[in-house]
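Q:
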Amino acid sequence: MHAAVDALAAALHEYVGTAVGVRAEFGAAEADEDPRVLALEAAIGALNAGLYDALHDSLGMHPDLSSLVWGAEEDLGTGADADAPPAPEVAEPFYLGFVVGPGRTPDTSLDAVIDFLDNAGEQVVAALVESGFDVPEWAASRGEAADFDGYGDADDEAQGGAL
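Sequential numbering from 1 applies to the sequence shown in UniProt numbering.
So, in structure tokens, the structure goes:
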């Protein structure tokens, strides 16, 4: 049984290394269809089946080794330590700055820039959420970065929240 686990673990490590390399070289969409990644996925599936067989043959169990479960640790039965200090904030602010000059034609104004940034922000939020991130706040601002109360470094808070 342990040999089956070791073989599966080795294949998973190889998969991660290969997937990271392929993703860095070609991008996410191409990585999903890369023959090296697909071959490793097939090998992992076969090794997972081998582990199932080893557990079944040795222990008579019918393990569910292929379910995918997302949830909090409490939902998975590991529980939480009531005496543990509160978890630190996991969200933090990110900034993307632009310095924009006046337009070259009389019908453009710096006032229109915030509309461009607001539209771009909506697209970025949608892409982040689609990628699995939580975006509790976002803003487009002019002059200085938006202040997100409750997010950021302790040093920022000590200076009155100035960023």
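Every residue gets a Cβ at the ideal spot worked out from N, C-alpha and C, and that includes glycine.
None of these values were measured; they are calculated from a predicted model.
In whole angstroms, what is the alpha-carbon distance linking V22 and L40?
A: By one-based count along the sequence shown, residue 22 stands at place 22. By one-based count along the sequence shown, residue 40 stands at place 40. Each residue's Cα considered, the two are about 13 angstroms apart.
Q: Kindly indicate which three-state DSSP category L96 falls into: helix, strand or coil?
A: For the purposes of this step, residue 96 is identified with residue 96 of the sequence shown, where counting begins at 1. Note: L96 maps to coil in three-state DSSP.
Q: Less than 9 angstroms between the C-beta atoms of A4 and A43, yes or no?
A: Numbered from 1 along the sequence shown, position 4 holds the residue referred to as residue 4. Numbered from 1 along the sequence shown, position 43 holds the residue referred to as residue 43. It is not a contact, given that the beta carbons lie outside the stated cut-off.
Q: Does the Cβ-Cβ distance between V113 and F98 come in under 9 angstroms?
A: Translated into the one-based positions of the sequence shown, residue 113 becomes position 113. Translated into the one-based positions of the sequence shown, residue 98 becomes position 98. Their beta carbons are under 9 angstroms apart, which means V113 touches F98 by this criterion.
Q: Is H2 helix, strand or coil when you go by DSSP?
A: Here residue 2 refers to the residue found at position 2 when the sequence shown is read from its first residue. Here H2 sits in helix by DSSP.
Q: Alpha carbon to alpha carbon, what distance is there between V124 and D134?
A: Numbered from its first residue, the sequence shown carries residue 134 at position 134. Numbered from its first residue, the sequence shown carries residue 124 at position 124. Straight-line Cα distance between these residues: approximately 12 angstroms.
Q: Who are the near neighbours of E30 in its chain, counting only those whose CB is closer than 8 angstroms to its CB and skipping five residues on each side?
A: Translated into positions along the sequence shown, residue 30 becomes position 30. Within the same chain, E30 has close Cβ partners V22.
Q: Under the three-state reduction of DSSP, which class applies to H62: helix, strand or coil?
A: In the sequence shown, the residue the question calls residue 62 occupies position 62. It is coil, neither helix nor strand.
Q: Please state whether DSSP places A91 in a helix, a strand or coil.
A: Looking up residue 91 in the sequence shown gives position 91. Coil, per DSSP.
Q: Quick one: using the 10 Å Cβ neighbour count with 16 as the cut-off for buried, is H2 buried or exposed?
A: One-based indexing of the sequence shown puts residue 2 at position 2. Exposed.
Q: Counting only the same chain and skipping the five closest in sequence on each side, list residues whose C-beta sits under 7 angstroms from that of G160.
A: Numbered from its first residue, the sequence shown carries residue 160 at position 160. In this predicted model, G160 has a pLDDT of only 41, less than 50, meaning its place in the structure is not dependable enough to derive any value.
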